[in-house]
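Here the structure comes first, spelled out in structure tokens, and everything after it is commentary.
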Amino acid sequence: MKARVHVMLKNGVLDPQGEAVRHALGGLGFDGVQGVRQGKVIELDLAGDDAEKAKADVTNMCEKLLANTVIESYTIEIA
Amino acid sequence: MKAAVVVYPGSNCDRDMKMALEGVGFDVTMVWHKDAELPQGLDFVAVPGGFSFGDYLRCGAIAARSPVSQSIADFAAKGGHVLGVCNGFQVLTEAGLLPGALLRNAGLKYICRTVGLKVETTSSVFTNAYTQDQVINIPIAHHDGNYNASADEIARLRGENRVAFSYVDNPNGSQGDIAGILSENRRVLGMMPHPERAFEPAHGNTDGKPFFASLIEAMATA
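Chains A and B supply the protein sequences, listed in that same order.
For the first sequence, the working numbering assigns the number 16 to the initial residue and increments by one for each residue that follows.
For the second sequence, the working numbering assigns the number 4 to the initial residue and increments by one for each residue that follows.
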């Protein structure tokens, strides 16, 4: 089974890369882009087919390594 | 006095750190990151700068979970003195030994130049050779040195006099101009600037030398 983790900087944490992307979009003539936040997506290929267990395991992975919860938040999709 | 310098794949300031520590009289052992045990009878551990594990995932994140890092945490928990410089600071925050996190520089550029640092406290073995509010010149070389912590955490660091160094002219967007912080017991220091690169006359600047000199003096008299 597959899991997909989205990691984003928490609201309120300045994202200079997102801000640079927003600025560049404006330079290309895309008006009206009021904010850009850049994050990352991590795809995991997991053994087993217990979705509940997978969710619990991936949550543990996020807390221990995949996200730095001081500055980042995460969401998990299991498919 | 015995010191260890931890080496991860991608560390590149490890030998500079060794030279500085040896320069003040430490007996230095280099410790590879897969060694789960630190040498016996250590007085001091330094986590050097560089790009451990290629900065994959987040700067310092993978290094903070490697076997030696647990040993560093144990050493610190027992009251050991630990220094993290640049990537070493990132590793120590990722390992939870110091609060906060280091984000991409606000200007998005890698910055490599000498900056003015204000000594915010002399109450630590790392800073007691300087005077309060003294400005020293120390090189920085980083892409992710933008110190970030909650407003409460920043207030706590200030309140407990745990900001060791601040930038005179903030180069990277760090909150509160913070360049280096101490742990609660004041024995773990993380800082983005490189005192080991301002150690000998050949560096063109020796403002970092008192940093190391006071360190070994404190160990010797402890």
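Backbone N, C-alpha and C define an ideal beta-carbon position, used for all residues, glycine too.
Just so you know, these numbers come straight off a predicted model, no measurement behind them.
DSSP, reduced to helix, strand and coil, places glutamate 40 of chain B outside both helices and strands of the structure shown, so it counts as coil. Threonine 32 of chain B sits in a strand when the DSSP states are folded into three classes. For aspartate 60 of chain A, the enclosing beta strand (DSSP E) stretches over residues 55-60. Taking lysine 21 of chain B as the centre and dropping the five residues before and after it, the same chain places the C-beta of Val8, Val31 and Met33 closer than 8 Å to its C-beta, in chain order. Scanning chain A for C-beta atoms nearer than 7 Å to the C-beta of arginine 200 of chain B yields nothing, as the closest lies near 25 Å away.
Taking a contact as a CB-CB distance under 8 Å, the pair phenylalanine 47 of chain B and methionine 194 of chain B does not count as one, their CB atoms being some 15 Å apart. For valine 28 of chain A, the neighbours in chain B by C-beta distance under 8 Å run, in chain order, Leu106 and Asn151. Leucine 61 of chain A sits away from alanine 71 of chain A, with the two beta carbons spaced by 8 Å or more. Listed along chain B, no residue sits closer than 8 Å to asparagine 75 of chain A by beta-carbon distance, the nearest being about 13 Å off.
Straight-line measurement puts the Cα of histidine 146 of chain B at about 6 Å from the Cα of arginine 107 of chain B. Separation of isoleucine 65 of chain B and leucine 81 of chain A (C-alpha to C-alpha, rounded to the nearest whole angstrom) is 10 Å. Interface annotation for the stretch 65-90 of chain A against chain B: Leu80, Asn83, Val85 and Ile86, criterion Cβ-Cβ distance under 7 Å.
By alpha-carbon distance to arginine 189 of chain B, the top candidate from B:Gly57, B:Cys16, B:Gly82 and B:Trp35 is B:Gly82. One alpha carbon belongs to asparagine 175 of chain B, the other to asparagine 149 of chain B, and they sit about 5 Å apart.
DSSP places glycine 63 of chain A outside both helix and strand once states are collapsed to three, so it counts as coil.
Between glycine 103 of chain B and glutamate 156 of chain B, the C-beta gap is smaller than 8 Å, which places the two residues in contact. Note on valine 138 of chain B: under 16 other CB atoms within 10 angstroms of its CB, so exposed under the neighbour-count rule. In this chain, the alpha helix (DSSP H) harbouring asparagine 90 of chain B covers 90-97. Between the alpha carbons of threonine 117 of chain B and isoleucine 141 of chain B lies a distance of about 5 Å.
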